[in-house]
Amino acid sequence: MDKAGTTSSPDSDVTEWSIAPPSHQLQWPFWLSLRWLFPLALVVTIIGVILGGIGNSLTVHHYYKERKKRATNVFILTLAIVDLLTCLLLFPWMPLFVYHPKLVLTESWLSTLHKIWGYTLMFFILKSLYLLAMMSIDRYNAIGDGLRARISYNLSRIIVLIGFMGSVFFTVLYIWLREIVGTSKPLLKAFIVPQVSAIVTILVMYARIYNLLNKKHLQVGTALYSIPRSTTQDSGVGLSVAPPPMKKNSPKVKTIQMLSFITVIFFVTFSPVYVLVLTLDVPPYLVFTYVVNHVTNPIVYYIMNPAFKKEIRAVFL
888 MDKAGTTSSP DSDVTEWSIA PPSHQLQWPF WLSLRWLFPL ALVVTIIGVI
938 LGGIGNSLTV HHYYKERKKR ATNVFILTLA IVDLLTCLLL FPWMPLFVYH
988 PKLVLTESWL STLHKIWGYT LMFFILKSLY LLAMMSIDRY NAIGDGLRAR
1038 ISYNLSRIIV LIGFMGSVFF TVLYIWLREI VGTSKPLLKA FIVPQVSAIV
1088 TILVMYARIY NLLNKKHLQV GTALYSIPRS TTQDSGVGLS VAPPPMKKNS
1138 PKVKTIQMLS FITVIFFVTF SPVYVLVLTL DVPPYLVFTY VVNHVTNPIV
1188 YYIMNPAFKK EIRAVFL
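In my numbering, the protein residues as written are 888 to 1204.
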């Protein structure tokens, strides 16, 4: 038994009980002494359920009735549904797990509920990461080759379904590695491939988007500079023959900015969860940063999407 009050198996440095504790591991975790976590968990839960529930419900309503049948809207709608389910199904149980951790280890029904909670969270994380990767691909296609290369509305729904099945597969793989095989670090082994693939896709796509926007800006500037300017009024030659510049406030650019913001928020808020769970065996529901992700996405939509802002103001004002 180490100083933290946890036991370690011979082939693993961490017990990983926090995600889904096996029934034979009945150690008292070190964070039982951190009494300040209890009121914090309650406050965070209330904020997450109320603000996240309302904000994501409005987001789902807005994008569900959106007339423009675009792939981006389908992805945002699905992501909002994931956020809403997280706020309403997972957040309410956090105070129970924090206030009564011994019951989690001793009561079979609560231990089972705790496992289901952890596996569901892992599924939602994979699904969200997959959607963010698909958004980055769709935005690159829209900026790079125009409407011809954009993901169609029907194809986007198929992509969402594929992402759902893939997330289920890797979650079941994690359960199998943990509960049946009993391998060490099943969380890392089960999710490393889809997570790394999605992260690399996101980084590459947004890097290419950034370079493409800069390239288009330079091309437009060169074209404008090379156009001969006549001082006579009869000349029909003017700036109109140059391709229009990609303005910062154009819908495409604002959509890219909006999606890049929610992507950054996702990585910033979930990175501490991965680090602390994998290194210190801290329960994920004690790393409250991920709550920010599910609550702030509607705020980003409100700031960056004029149509969504107008609808929200109509509801509350």
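C-beta atoms are modelled at their ideal positions from N, C-alpha and C, and glycine is treated no differently.
State the CB to CB distance for the pair I1143 and T1183, rounded to an integer number of angstroms; the pair is presumed to be in contact (CB under 8 Å).
With 8 Å as the limit, I1143 and T1183 do not qualify as a contact, their Cβ atoms being about 18 Å apart.
Does the count of Cβ pairs from the region 1012–1023 and the region 974–985 closer than 8 Å reach three?
no
Residues of its chain near R1044, where Cβ-Cβ distance is below 7 Å and the 5 sequence neighbours each way are ignored:
The answer, listed in chain order, is V961.
Measuring straight from C-alpha to C-alpha, what distance separates I1012 and G935?
Looking at the two C-alpha atoms, the distance is approximately 16 Å.
Please name the residue in L966, F1154, A1094 and A1201 whose C-alpha comes closest to that of Q1082.
F1154
With a cut-off of 8 Å on the beta carbons, I'd call Y951 and L964 a contact; round off their distance for me.
6 Å
Assign R954 to one of two classes, buried (16 or more other C-beta atoms within 10 Å of its C-beta) or exposed (fewer than that).
exposed
Report the rounded CA-to-CA distance for M1092 versus L992, giving the unit in angstroms.
Their backbone Cα atoms lie some 44 Å apart in a straight line.
Smallest Cα separation from T973: which of T959, S1137 and G939?
G939
What are the boundary residues of the alpha helix (DSSP H) that K1141 is part of?
P1138 to L1167
Label K989 either buried or exposed according to how many other C-beta atoms from any shown protein chain fall within 10 Å of its C-beta, with 16 as the threshold for buried.
exposed
Give me, in chain order, the residues of the same chain whose beta-carbon lies closer than 6 Å to that of F1148; leave out the 5 immediate sequence neighbours on both sides.
Cβ within range, chain order: V1187.
I'd like the list of long-range same chain contacts for F1057, defined as Cβ closer than 7 Å, with 5 residues on each side in sequence excluded.
L1013, A1077, F1078 and P1081
List the endpoints of the continuous alpha helix (DSSP H) containing N943.
G940 to Y951
Thinking just about the alpha-carbon of each residue, which of W1063, L966, L1173 and M1052 is nearest to the one in G942?
L966
Kindly indicate if chain D contains any beta-carbon less than 8 Å away from that of S1023.
In the structure shown, chain D does not exist; there is a single protein chain.
Look up T1109 in the DSSP assignment and say whether it is helix, strand or coil.
Low local confidence applies: a pLDDT of 45 at T1109 is under 50, so the model's placement there is unreliable, with the coordinate-based value given in what follows. Correct three-state label for T1109: helix.
Sorted by chain position, which residues of the same chain lie with C-beta nearer than 6 Å to H949's C-beta, five sequence neighbours on each side aside?
F1195 and E1198
Using 8 Å as the threshold, is the C-beta distance between A958 and R1037 below it?
yes
Under a Cβ-count criterion, where at least 16 other Cβ atoms within 10 Å of its own Cβ denotes burial, should M1009 be classed as buried or exposed?
Answer is buried; the Cβ neighbour count reaches 16.
For T1183, which three-state DSSP category applies?
helix
How would you write the range of the alpha helix (DSSP H) that K1196 sits in, first residue to last?
P1193 to F1203
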